[in-house]
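The sequence shown begins at 112 in the numbering used here and counts up by one.
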Amino acid sequence: MSEQTWARIQHDLDARFGRFGVWLYRATRGRIVRPWGRRVLVLTTRGRRTGLARSVLLQYFPDGTDRIVVAANSGRPTHPAWYHNLTATPEVTVEVDGHTLTVRAVELTDVEAKQWWPQVVAIAPSYAKIPERTTRAIPLIRFVPVV
112 MSEQTWARIQ
122 HDLDARFGRF
132 GVWLYRATRG
142 RIVRPWGRRV
152 LVLTTRGRRT
162 GLARSVLLQY
172 FPDGTDRIVV
182 AANSGRPTHP
192 AWYHNLTATP
202 EVTVEVDGHT
212 LTVRAVELTD
222 VEAKQWWPQV
232 VAIAPSYAKI
242 PERTTRAIPL
252 IRFVPVV
C-alpha cells in the first residue's frame, strides 16, 4: 500500500471517529489512553470561518509546563483544519487529564522544529513516516499556558 493511500485511510479514520474520541476522552477524564502510554489532550479552537467551537483529540509531547503538538494531518498534502484555526485565533483551550487550560499557540521555528523532531519520533515512532508522505513542512506547535 502506498504512503499516500495509507495517509488517506488514516485521515478518514481520524475524521470519522474524532468526535467519539473526544467524547470518550472527556467521559474518562483521559484515563482511556493511559494503557497505551500516549499523552493526549483535547484542543478546542474557534472555526476561522464559522466561529463555532471545534474540538479534536491530539497527541502531545511535554516540555515543562508547555505541550508540543504536531500538525501532521496523517501526512496529507494540506495542514489540518485545527492548525488554520490556531493561526487565526492562537488563544485556545486544551483539556488535559480532566483539567481545562487556556493556552497560547506558538509555532516552532524551523530550527526549533528540527531540534524537537527526534524527540517526537522517539516517543511516537509512527511519526517517522509522516515526512515521507508529503512535501509540505510539518508544523510543530507549542501550547504555552496563559496566566
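Every residue, glycine too, gets a C-beta built ideally from N, C-alpha and C. Quick caveat: nothing in here was measured; it's all calculated off a predicted structure.
Beta-bridge partners of residue i, as assigned by DSSP
i: arginine 215; result: Glu202 and Val255
i: alanine 138; result: According to DSSP, which records beta bridges pairwise, alanine 138 is partnered with nothing at all.
i: histidine 210; result: Val207
i: leucine 154; result: Val167 and Val205
i: proline 236; result: DSSP output for proline 236 lists no bridge partner at all.
i: proline 229; result: None; proline 229 has no bridge partner.
i: proline 188; result: Answer is none; proline 188 lacks a bridge partner.
Chain-order list of residues whose beta-carbon lies under 7 Å from that of residue i (same chain, five-residue window excluded)
i: proline 146; result: Reliability fails at proline 146, whose pLDDT of 48 lies under 50, so the model's placement of it is uncertain and no value is given.
i: isoleucine 241; result: Ala183, Gly186 and Ile249
i: arginine 130; result: none
Whole-Å CB distance - residue i paired with residue j, under 8 Å assumed
i: valine 153; j: valine 205; result: 7 Å
i: isoleucine 179; j: tryptophan 227; result: 6 Å
i: arginine 140; j: glutamine 170; result: So it is not a contact: roughly 17 Å between Cβ atoms.
i: valine 203; j: valine 217; result: No, valine 203 and valine 217 are not in contact; Cβ-Cβ is about 12 Å, not under 8 Å.
i: arginine 247; j: asparagine 196; result: The pair is not a contact, with the Cβ atoms about 18 Å apart (cut-off 8 Å).
Residue span of the beta strand (DSSP E) that contains residue i, given as start and end
i: aspartate 177; result: 177 to 181
i: arginine 165; result: 164 to 170
6 Å Cβ shell around residue i - same chain, five flanking residues per side excluded
i: tyrosine 238; result: Val231 and Val232
i: serine 166; result: Val133, Val153 and Thr155
i: proline 188; result: Thr245
Residue i: first and last residue of the uninterrupted alpha helix (DSSP H) it sits in
i: arginine 69; result: Outside the shown range of the chain (112 to 258) lies residue 69, about which nothing can therefore be said.
Neighbourhood of residue i by C-beta, 8 Å cutoff - its chain only, sequence neighbours within 5 removed
i: leucine 219; result: Ile179, Trp227, Pro250, Leu251, Ile252 and Arg253
i: arginine 137; result: Val153 and Glu206
i: alanine 182; result: His190, Pro191, Trp193, Tyr194, Ile249, Pro250, Leu251 and Ile252
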